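K.L.:
My questions will all concern the structure given below.
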Amino acid sequence: RLPLLFFVPGQFTETPTSKKRKAGILEPESVKRRLSVMEFGDFLGKPGKKVEEADSICPVCLDCLKTTDEIRELSSCSHVFHKGCLDMWIDKQRFSCPYCRADL
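Numbering follows full-length UniProt numbering, in which position 17 of the sequence shown is assigned residue number 17; successive positions increment by one, without gaps.
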């Protein structure tokens with residue numbers, strides 16, 4: 001007979017995000033305050049921004065990003081999202097990029 005072994009994810013290792021969350025550093029409103037808001041058209045006009053068709057779709061709602069839409073650009077990975085979509089994501093205590101999981 002073999003004994004049963006259980007592994008509980010996150011029990012033995014902590015990510016930088018989980019450490020900050022435990023320390024009370026990560027609160028949805030403080031995370032949102034650190035992220036800039038701009039219109040997608042202004043983002044497209046930034047120097048050095050090469051935007052392809054896939055980059056003009058919000059990965060959260062899968063809707064097109066229009067030039068007048070308010071967006072947030074993540075500094076850690078440069079992915080962009082509708083402001084409302086990312087705010088809803090953060091309000092659910094998700095403190096990573098919805099697309100690539102980079103820490104916010």
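C-beta atoms are modelled at their ideal positions from N, C-alpha and C, and glycine is treated no differently.
Everything numeric in this text was worked out from a predicted model, so none of it was measured.
1. Can you tell me which of Lys46, Ala102, Leu26, Cys58 puts its alpha carbon nearest to the alpha carbon of Lys83?
2. Quick one: Cα of Cys61 to Cα of Cys85, how far?
3. How long is the line joining the alpha carbons of Met38 and His79, rounded to whole angstroms?
4. Report the residue ranges of all beta strand (DSSP E) runs contained in full by the region 47 to 88; include only those spanning at least 3 residues, in chain order.
5. What does a CB cutoff of less than 7 Å around Asp91 pick up in its chain, not counting 5 residues either side in sequence?
6. Quick one: residues in its chain with C-beta nearer than 8 Å to the C-beta of Cys77, no 5 flanking neighbours on either side, listed in chain order?
7. Can you give me the start and stop residues for the alpha helix (DSSP H) that Glu39 sits inside?
8. Between the C-alpha atoms of Leu65 and Lys50, what's the straight-line distance to the nearest angstrom?
9. Going along the chain, which residues of its own chain have a beta-carbon closer than 8 Å to the beta-carbon of Trp89, five neighbours each way excluded?
10. Which residue wins for smallest C-alpha separation from Thr67, given the options Arg33, Ser75, Lys46?
P.N.:
Judging by the given coordinates:
1. Your numbering for residue 83 matches position 83 in the sequence shown. Of the listed residues, the one whose Cα sits closest to Lys83 is Cys58.
2. Looking up residue 61 in the sequence shown gives position 61. Looking up residue 85 in the sequence shown gives position 85. Taking the straight line joining both Cα atoms gives about 7 Å.
3. Here the question's residue 38 lines up with position 38 in the sequence shown. Here the question's residue 79 lines up with position 79 in the sequence shown. Roughly 13 Å separates the two Cα atoms.
4. Taken in chain order, the unbroken stretches of beta strand (DSSP E) that lie wholly in the region 47 to 88 and span 3 residues or more are 70 to 73, 80 to 82.
5. Here the question's residue 91 lines up with position 91 in the sequence shown. These residues qualify, in order along the chain: Pro28.
6. On the sequence shown, position 77 is the one that residue 77 refers to. Here the set comprises Cys97, Tyr99, Cys100, Ala102.
7. Stepping through the sequence shown from its first residue, residue 39 is reached at position 39. Premise fails: Glu39 lies in the beta strand (DSSP E), 37 to 39, not in any alpha helix (DSSP H).
8. Position 65 of the sequence shown, counted from the start, is the residue given in the question as residue 65. Position 50 of the sequence shown, counted from the start, is the residue given in the question as residue 50. Taking the Cα positions, Leu65 is about 15 Å away from Lys50.
9. For this step, residue 89 is matched to residue 89 along the sequence shown. These residues qualify, in order along the chain: Val60, Phe81, Pro98.
10. As a first step, residue 67 must be located in the sequence shown, where it is residue number 67. Nearest option by C-alpha distance: Lys46.
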